[in-house]
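For reference, the structure discussed in these notes is given below.
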Amino acid sequence: MTELTVSADIVASVHYTGTLPENGEVFDSSEGREPLSFLVGHKQMIPGFEEEIMGSKVGEKKEFTLTSERAYGDRDDAAVMEIPRAQFAQLEAEASLEVGMQLVAQMPHGPSPFTITVLTDDAVTADFNHALAGKSLTFAVEIIELREATDDEKSHGHAHGPDGHHHH
Ligand code: ZN
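All the letters of the sequence shown, read from the start, carry residue numbers -8 to 159 under my numbering.
Here you go:
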């Protein structure tokens, strides 16, 4: 039996820490949590993350920096919208709006998170860009476990939990 490596249709479990190379700030980490498990080759992860660990074995550690086009893409000015503040009346009855607040809009294609970037009496400026769009990202990754995906996982396009089926 040959040793498994990170490749298509393998479920990889990894520990990772993501930092911003510009200032070293940690934006996400699996430290203190279960390792992150994902099905390789099914677009579960940002593209560069998978590319950089392809071929790795259990126990290997990698550190790499991705430019934005291999991470969350460039910022799109068209994804910044002014929304009449009146549309937030129901929400504002319960909570006060603030710049930097993250909310989720119900859009025809599904829920879309956005960040409030400007607030005036009449309008809310909503930025639908991913918070990490346009940024280079550094990841330190350790491969914890590799296993062959089940037929169910391959047909669903995602990894299942240890108890068999796990849908969010
Ligand atoms: Zn499933």
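Note that beta-carbon positions come from the ideal geometry of N, C-alpha and C, so glycine has one too.
Because the structure is a prediction, the values reported are computed rather than measured.
For residue 147, the Cβ falls inside the 6 Å cut-off from some heavy atom of the ligand ZN. Between residue 58 and residue 13, the alpha-carbon positions lie close to 12 Å from each other. In the displayed model, residue 73 falls within a strand according to three-state DSSP.
The bridge partners DSSP lists for residue 138 are 2. Runs of alpha helix (DSSP H) with 4 or more residues, each lying fully within the segment 8 to 49, are found at 38 to 44, listed in chain order.
Taking a contact to require three or more Cβ pairs closer than 8 Å, the segment 134 to 144 and the segment -6 to 2 qualify as touching.
Shown here, residue -6 sits in coil according to DSSP, grouped into three states, outside any helix or strand.
Residue 3 has its alpha-carbon roughly 24 Å from the corresponding atom of residue 64. With a cutoff of 7 Å on beta-carbon distance, residue 28 and residue 7 are scored as not near each other.
When C-alpha distances from residue 145 are compared across 44, 30, 46 and 94, the shortest belongs to 30. If you look at residue 83, you'll find it isn't in any beta strand (DSSP E); it sits in the alpha helix (DSSP H) that goes 80 to 83. Per DSSP, the continuous beta strand (DSSP E) segment holding residue 104 begins and ends at 101 to 110. For residue 60, there is no enclosing beta strand (DSSP E), as DSSP marks it with neither H nor E. Rounded to the nearest whole angstrom, the CA to CA distance from residue 25 to residue 133 is 13 Å. With fewer than 16 neighbouring CB atoms inside 10 Å of its own CB, residue 86 falls in the exposed class. Taking 8 Å as the upper bound for CB-CB distance, residue 149 and residue 35 are in contact here, some 6 Å apart. By the CB criterion at 7 Å, residue 71 and residue 118 fall inside the cutoff.
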